[in-house]
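Here the protein sequences come in this chain order: X and C. If you use the UniProt record's numbering, the first sequence corresponds to residues 1 to 339, in order. If you use the UniProt record's numbering, the second sequence corresponds to residues 1 to 339, in order. Notes follow the structure.
2 protein chains.
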Amino acid sequence: MTDETGPRATTARRVGIADVAARAGVSVGTVSKALNGSGRLRDETRARVRAAADELGFTPISVARNLLAGRTFTVGVITTDSYGRFGIPVMRGAEDSLAAGEMIAFLCDGRDDPIREQHHLGKLLERRVDGIIVAGRRTDPRRPIGADLPVPVVYAFAPSSDPADCSVVSDERGAAQLAVEHLVKTGRRRIAHITGPQSHASANERAAGLAEALAAHDLEPVDEPYFGSWTEAWGRFAAAQLLRTHDDVDGVFCGNDVIARGVTDGLREAGISLPTQIGVVGVDNWGLVAEAARPPLTTVDLGLEEIGRRSAELLLDAINGHAQPGVHVVPGHLVVRES
Amino acid sequence: MTDETGPRATTARRVGIADVAARAGVSVGTVSKALNGSGRLRDETRARVRAAADELGFTPISVARNLLAGRTFTVGVITTDSYGRFGIPVMRGAEDSLAAGEMIAFLCDGRDDPIREQHHLGKLLERRVDGIIVAGRRTDPRRPIGADLPVPVVYAFAPSSDPADCSVVSDERGAAQLAVEHLVKTGRRRIAHITGPQSHASANERAAGLAEALAAHDLEPVDEPYFGSWTEAWGRFAAAQLLRTHDDVDGVFCGNDVIARGVTDGLREAGISLPTQIGVVGVDNWGLVAEAARPPLTTVDLGLEEIGRRSAELLLDAINGHAQPGVHVVPGHLVVRES
């Protein structure tokens, strides 16, 4: 190592945003916009600023950028999902998109408690976050977290009941359609549905999607949907009941993977050979459950990480003045295993 | 509602910290210390300040307090546990303690990637967090996240390999001891151990703890520990193998709940009546797994939330100048179900 690259050199004055502005022949504000990807600039200007920054080895420092833009480059994420099953994949996806925008997230756990949620909201606003993501664990619409908030809010997974808000949701009917397509393609014609509580939007939407998709193939569902709980015990019990009344069933679409695991156990223990006699499809692609089932579950992945990524992108857009209200639907995809 | 409590009244000048100082007859700095619970004050002074604050209806505002104390009242939590199984309960516990100290947490997901971790560390320091919690998902010691950092760091669940750091860990040997006490108390004498990979500290520590606890009862373990993987499939396979070679076994201590679930399935499918013939105990008290097992699992809860709470308390202490280096062990407790 030469003297020039030694420790002394690294403590030299850091290249500042003003140096970049001077070299590119633009204002400091234009540099900020160009490097943040915000505001409306000609592509040529943006490219010139980026080239100047590269030539000078300029890395923007958040603190300096904050002062420039009046922004804190922080976002609040309020989750109601203490156990992380739905919230964490959403959070991971959001973090990917936020990091690309040089943002960092405060995580607050609302624990389905409106008082905690309002407390967290107050704390986040007090710290002048640039925006807020509200991540739910159920697909039922929820009341908006507040009215006339000073920063944009995006609702992830659990949509806001106000259609003027921005929400990102899974494709519940599409999930049922993917399951039916797979079951029909693998030769199933007598398809039943075992799912969660009728009071849950996701159970209803998936059941409605199943009926639609079967009708598109000129098929009738086997029996009414079996509404119950999101548990293995319910899956086992319902599978036994199903076999007693409909011994010709050859396919079961389950409302989630936990139920599907119970259904596969129940069918197997009743002497049914899987998937030879009956095909089973779940929803969630929850690795732990889907992979441990016997046989491992074919299931619909709702794209939770993508919901997180999309939510963060929409929030960044809104922060930059391009709000896109309404409900944004993220499609799922089928993961084929052995069931 | 009268005019006095109407909207106009609520927009009146907010009571400030200077008002509290004047009423209590102390300096603004003393008010800050008294309300933050920091610094060294006489109890009488602290009580006087609190009384003055209560009388005036003064609620400290973080922003003002930040300026006073040179603190941001933010903490960074870097987790390596993308799936939330271990990180989220730790985080919940930490949030409880942090909220009590009026702190809010930035959550960063290191994803077991040292480059991401250093990136997050840099971002957190740039935002001048008051301290950092590093939450791991394995009990193996990990390298320190950095040397000579400007803020205190507490390692949660995965301890730092540097004993001069502050770490909060689960009681791995104690977990085995709790399991053995329960098995022996319920009449088991021929106890085997089916667990995870020998390369994991938790598998080794729990196996060592089992041997110690059996020796204390003058019992010999049935066979060497069965080291394998943290999966149900391994649990089922090992249970079958165990029965073939040791048909007198009457108790199995499993390295975690997932393995225990496989063991209960394997034993039940081999015609063993549970818990009549063989008692099974797991580790983790992971509701989803423990409650869905047949029979529901008796298991050792490692106290992850308590590890989070304790970590945050130790961090707050360190921020306030009372660092307590070393390894702090949080005891677990037995949760008795039907296995």
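Beta carbons are placed, not taken as given, at the ideal position from N, Cα and C, and that holds for glycine. Quantities reported herein were computed from a predicted structural model and do not represent experimental measurements.
Linking K123/X to A290/C through their CA atoms gives a straight-line distance of about 36 Å.
Look at T72/C here: in three-state DSSP terms it is coil, with no helix or strand label. Around R309/X, the same chain offers G93, D96, S97 as residues with beta carbons nearer than 6 Å, after the five sequence neighbours per side are excluded. Cβ atoms of A135/C and T79/C come within 8 Å of each other, at about 4 Å.
Under the three-state reduction of DSSP output, A233/X falls in the helix class.
Not a single CB atom of chain C sits nearer than 7 Å to the CB of F237/X. Under the three-state reduction of DSSP output, L243/X falls in the helix class. At a cut-off of 7 Å, the C-beta of K123/X has a neighbouring C-beta in chain C. For the segment 264 to 292 of chain X, the residues whose beta carbon sits under 7 Å from a beta carbon of chain C are, in order, A292. When CB distances to chain C are screened at a threshold of 7 Å, not a single residue of the segment 246 to 257 of chain X falls below it.
For S170/X, no alpha helix (DSSP H) run applies; the uninterrupted beta strand (DSSP E) run containing it begins and ends at 166 to 170, by DSSP. Annotated as proximal: I133/X and V77/X, with beta-carbon spacing under 7 Å. For the segment 82 to 111 of chain C, the set of positions with a beta-carbon nearer than 9 Å to some beta-carbon of chain X reads S82, Y83, G84, R85, G87, I88, P89, M91, R92, E95, A99, E102, I104, A105, F106, L107, C108, D109, R111 in chain order.
Taken atom to atom, the span from the alpha-carbon of V258/C to that of G235/C is near 8 Å. Residue contact with chain C for E232/X: present (Cβ-Cβ distance below 7 Å to some residue of chain C).
Close partners of R173/C in chain X (Cβ separation under 7 Å) are lacking, with about 27 Å as the shortest Cβ gap. Taking a C-beta distance under 7 Å as the contact criterion, A240/X and G266/X qualify as a contact pair.
The beta-carbon distance between N320/C and V283/C, rounded to whole angstroms, is 35 Å. This is too long to meet the 8 Å contact definition. DSSP places V20/X within a helical segment (H, G or I) once states are collapsed to three.
In the DSSP assignment, the residues bridged to L107/X are V77/X. Going by DSSP, A293/C is part of no alpha helix (DSSP H) at all; its letter is neither H nor E. Note that the C-beta distance between E102/C and F73/C is below 7 Å.
When DSSP reads this structure, H193/X sits in a beta bridge with F253/X. DSSP places D43/C in the helix class (H, G or I) of the three-state scheme.
Annotated as distal: A175/X and G287/X, with beta-carbon spacing of 7 Å or more.
Checking the DSSP bridge columns, you'll see R142/X partnered with S160/X.
The beta carbon of Q198/X sits closer than 6 Å to the beta carbons of F227 from its chain, once the five residues preceding and following it are set aside; these are given in chain order. For I319/C, there is no enclosing beta strand (DSSP E); the residue is found in the alpha helix (DSSP H) stretching over 304 to 319. Comparing C-alpha distances from V90/X to each of L304/X, H322/X, V151/X shows the shortest one belongs to L304/X.
Close to R337/C, with beta-carbon spacing below 7 Å, lies no residue of chain X; the smallest spacing is near 14 Å. In terms of Cα proximity to E313/X, the closest of A100/X, S229/X, V335/X is A100/X. Setting aside the 5 residues that flank it on each side, R337/X is surrounded in the same chain by P296, L297, T298, each with a C-beta closer than 6 Å to its C-beta; the list follows chain order. In the DSSP annotation of this structure, G122/C is not part of any beta strand (DSSP E); the continuous alpha helix (DSSP H) holding it starts and ends at 114 to 126. Taking 7 Å as the upper bound on Cβ-Cβ separation, chain C lies near residues K123, E126, R127 of the segment 114 to 143 of chain X. Under the three-state reduction of DSSP, I132/C is assigned to strand.
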